[in-house]
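What follows is a short report on a single structure.
Here it is, written out as structure tokens:
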């Protein structure tokens, strides 16, 4: 028989190998350009071609506008989608001050526009034979995209409804057509975060959550503003993971495995679990302070107690890509404490309270140092502790991992890595990746 540790390493190799194979020959669809100067949304084809075997397909955001205005979508599906959204998605309070609120008519128009955006971006990614039947043969083809990103801010969002609804629904494991594989769509066209979402999805089959690594809340700060003393896993402080609403609804944590909160592979999700996720989410007209063109943003709070893995790919001139990984857990806060902290950012956005697992080494000496050493404002996380699989995948692609809290006993890299040093595995990883070079040259 195969020993459990050997079996797990074989499975890690197989999962990572399948992820490599599924990416090869596919596209990243870059819709728009660089958002607000974010380095991750400067989408360069070299990274995708040399490390992932993918290509970058570039289109302008005006293609989305053209398809909306010229009716290049399935009108029957739109009517079905609109009816489903009105029946199943719960719209909440308008948090804009009265003098900045859009009219009800404009909000309804943005709701319909947002649904069309979701359909159109999906069609742009993977194609839609129905469009050919409607006379749009070229548009029916799609871009063979396994992942995409949408710039949005600010050239689009100052004029049109934002991409929050589109991104949230596509990243979710179901929509008006039923339960299905989530699409991978990065907000603000942050392709480096999009790659992390793709890695996580291919390794686990689950939806991925795009979030800002927004705030570190120390125990002292939480007690000062709320009077509450953090306890349990949260006793050493928490990280506020939040973005403007494009997070998958799976991130509510309303699915369950063995009676505990979870985000399940899409083929295991039940209709009742999808319903609970939607019931735990409210949709709010977007804050005009950020989004002059309006739109609709998701609001939910992730259930505590879920094991999750957050990662981020960073790009360094002369080094290339480098990956960082933080395994940890979501945590619950009392309602009044959550409300006080949440109001410090934005009440219309989804929140996850995250605590990384501390090891006492490197960046994982305390919660603050994890955020201090995070390479960008963005991170992607998914369900489970799959940091070891990410490290195996990174070694196959020749991407070094410069920060992680994964137990060394769980890590499986090619045996050739041993020849670059055994006392300091992190440094050896850099030497091995530099020596062998990107997988595709």
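Numbering (the working numbering), first residue to last: 40 to 480. No residue lacks a Cβ here, since even glycine has one placed at the ideal position from N, Cα and C.
Mind checking which residues open and close the beta strand (DSSP E) that includes residue 395?
-> 390 to 395
Top-ranked residue by Cα proximity to residue 316, from 207, 280, 283 and 149 | 207
Integer-rounded CB distance, given that residue 229 should sit under 8 Å from residue 77 = 6 Å
Pick from 307, 290, 85 and 451: whose alpha carbon is nearest that of residue 339?
-> 290
Since I believe residue 210 is in contact with residue 287 (beta carbons under 8 Å), could you give me their beta-carbon distance rounded to a whole number of angstroms?
-> 4 Å
Residues sharing a beta bridge with residue 349, DSSP | 365 and 420
CA nearest to the CA of residue 189, picked from 161, 158 and 226 | 226
To the nearest angstrom, how far is it from the Cα of residue 384 to the Cα of residue 214?
-> 28 Å
Give, in chain order, every unbroken run of the alpha helix (DSSP H) that is at least 4 residues long and sits entirely within the region 42 to 97.
-> 43 to 62
Compare the beta carbon distance of residue 51 and residue 431 with 8 Å and say whether it is the shorter of the two.
-> Cβ atoms of residue 51 and residue 431: closer than 8 Å.
Which two residues bound the contiguous alpha helix (DSSP H) that contains residue 159?
-> 143 to 165
Determine, using beta carbons only, whether residue 220 and residue 329 come nearer to each other than 8 Å.
-> no
Please list the segments of the alpha helix (DSSP H) lying wholly inside the region 243 to 302, counting only runs of 4 or more residues, in order along the chain.
-> 258 to 265
Counterpart residues of residue 225 in DSSP-defined beta bridges | 188
Return yes when the Cβ of residue 325 is within less than 8 Å of the Cβ of residue 203, no when it is not.
-> yes
Tell me whether the beta-carbon of residue 161 lies closer than 8 Å to the beta-carbon of residue 322.
-> no
Skipping 5 residues on each side, what residues in its chain have a beta carbon closer than 6 Å to that of residue 80?
-> 73, 74, 227, 228 and 229
Alpha carbon of residue 240 to alpha carbon of residue 420, nearest angstrom = 10 Å
Inter-stretch contact (C-beta, 8 Å, three-pair minimum) for the region 89 to 106 and the region 57 to 65 = With a cut-off of 8 Å, the region 57 to 65 and the region 89 to 106 count as touching, because enough Cβ pairs lie within range.
Around the C-beta of residue 139, are 16 or more other C-beta atoms found within 10 angstroms, so that it is buried, or is it exposed?
-> exposed
Are at least three pairs of beta-carbons, each pair with one atom in the region 369 to 383 and one in the region 401 to 416, less than 8 Å apart?
-> no
How is the beta strand (DSSP E) around residue 198 delimited, first residue to last?
-> Segment: none, residue 198 is in no beta strand (DSSP E) and carries neither H nor E.
Between the region 183 to 201 and the region 161 to 175, do at least 3 Cβ pairs fall closer than 8 Å?
-> yes
Does the beta-carbon distance from residue 360 to residue 86 come in below 8 Å?
-> yes
So what does DSSP say about residue 407, is it helix, strand or coil?
-> The answer is helix: DSSP assigns residue 407 an H, G or I state.
Counting along the chain, where does the alpha helix (DSSP H) carrying residue 103 start and finish?
-> Where residue 103 is concerned, the enclosing alpha helix (DSSP H) stretches over 101 to 108.
Alpha-carbon spacing of residue 396 relative to residue 387, whole angstroms = The C-alpha of residue 387 is placed about 29 Å away from the C-alpha of residue 396.
Whose C-alpha, out of 436, 429 and 455, is nearest the C-alpha of residue 444?
-> For residue 444, the nearest C-alpha among the options comes from 429.
With 16 other Cβ atoms within 10 Å as the buried cut-off, status of residue 132 = exposed
Between which two residues does the alpha helix (DSSP H) containing residue 377 stretch?
-> 374 to 381 is the span of the alpha helix (DSSP H), which, as asked, contains residue 377.
Take residue 447 and list the residues in its own chain whose beta-carbon comes closer than 8 Å to its own, dropping the five residues that flank it on each side.
-> So the list reads 464, once near-sequence residues are dropped.
Would you call residue 427 buried or exposed, if buried means 16 or more other Cβ atoms sit within 10 Å of its Cβ?
-> buried
Quick one: residues in its chain with C-beta nearer than 7 Å to the C-beta of residue 123, no 5 flanking neighbours on either side, listed in chain order?
-> 215
How many angstroms separate the CA atom of residue 314 from the CA atom of residue 54?
-> 30 Å
Please say whether residue 280 and residue 403 have beta carbons closer to each other than 8 Å?
-> no
Separation of residue 424 from residue 180, as counted between CA atoms | 37 Å
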